[in-house]
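For the sequence shown, position 14 matches number 70 in this note's numbering, and the numbering has no gaps at all. Backbone N, C-alpha and C fix where the C-beta goes; we use that ideal spot for every residue, glycine too.
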Amino acid sequence: MRLPTYQDLDELFMKPALTRVAMNLWPPFLGSSIKILEITPDFRRVRVCLRHRALTANYLGTAYGASLFSLADPWWVMMLTRALGRGYSVWDRAAEIEFIRPGRTHVFAQFVLTDEELAAIREGTRDGEKHLRWFTNDLITADGEVIARVNKQVYVRRRPA
């Protein structure tokens, strides 16, 4: 029996349901009580939740800032990688988080990659140039109260043919 290759794992994780299960079992998310609620079949929308638990709250009883950031961390790179395909390199370049209110309940985020954003990225990388794009997400409670705002800058470049 052979060990799986990166290509084997890549093909396996092209299935959104399996990606959701694997990410829910990924130790940083599992330990932080982060749960992936939905990944659409085209990987263009992801919904996640940071569950408020006594063991995942800080000494003030609020969500750890690092857990809030982790909730938002991997999605833009993953979604862009899936949407653009193997002909592109996609990396995180910069990130910032603004804490607005203490998180005392479950916190949710939704990531949506639009056709317009993809078209702009493809246009920006058409001549082999790098393209830097900022994405902003509000982290909210079930009542819609904004707890934090995460900004992520993603680097995208077409790979040489």
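**Study point:** Opposing strand residues paired with D148 [DSSP bridges]
**Key:** Counting from one through the sequence shown, the residue named residue 148 turns up at place 92. According to DSSP, which records beta bridges pairwise, D148 is partnered with V210.
Review point. When we look at the beta-carbon of G200 and count the other beta-carbons within 10 Å, is it buried (16 or more) or exposed?
Key: Here the question's residue 200 lines up with position 144 in the sequence shown. Per the 10 Å Cβ criterion, exposed.
Check your understanding: What number of angstroms, rounded off, separates the C-alpha of E179 from the C-alpha of I92?
Key -> Counting from one through the sequence shown, the residue named residue 179 turns up at place 123. Counting from one through the sequence shown, the residue named residue 92 turns up at place 36. In a straight line, the C-alpha of E179 is about 31 Å away from that of I92.
Point to revise | Terminal residues of the alpha helix (DSSP H) in which A176 lies | key: On the sequence shown, residue 176 is found 120 positions in, with the first residue counted as 1. Here the alpha helix (DSSP H) through A176 covers 171–180.
Practice item. Note down, in chain order, each residue of its chain lying with its Cβ closer than 8 Å to the Cβ of E185, except the 5 sequence neighbours on either side. Key: Along the sequence shown, read from residue 1 onward, the residue named residue 185 stands at position 129. Result list for E185: R213, in chain order.
Review point. In whole angstroms, what is the alpha-carbon distance linking T170 and R103?
Key: For the purposes of this step, residue 170 is taken as the residue at position 114 of the sequence shown. For the purposes of this step, residue 103 is taken as the residue at position 47 of the sequence shown. Distance between the alpha carbons of T170 and R103: 15 Å.
Exercise for review: Mind checking which residues open and close the alpha helix (DSSP H) that includes T192?
Suggested key: Sequence index remark: in the sequence shown, residue 192 carries index 136 (1-based). From DSSP, T192 is part of no alpha helix (DSSP H) but of the beta strand (DSSP E) over 187–196.
Check your understanding: Taking N207 as the reference, which of L59, L74, R149, M79 has the closest Cα?
Key -> One-based indexing of the sequence shown puts residue 207 at position 151. The shortest C-alpha separation from N207 is found at R149.
Point to revise | I95 versus T118: straight-line alpha-carbon distance, rounded | key: Numbered from 1 along the sequence shown, position 39 holds the residue referred to as residue 95. Numbered from 1 along the sequence shown, position 62 holds the residue referred to as residue 118. Taking the straight line from one Cα to the other gives about 27 Å.
Review point. Between Y211, A204, Q209, which lies nearest to F125 when the distance is taken from Cα to Cα?
Key: Taking the first residue of the sequence shown as 1, we reach residue 125 at position 69. It is A204 whose Cα lies nearest to the Cα of F125.
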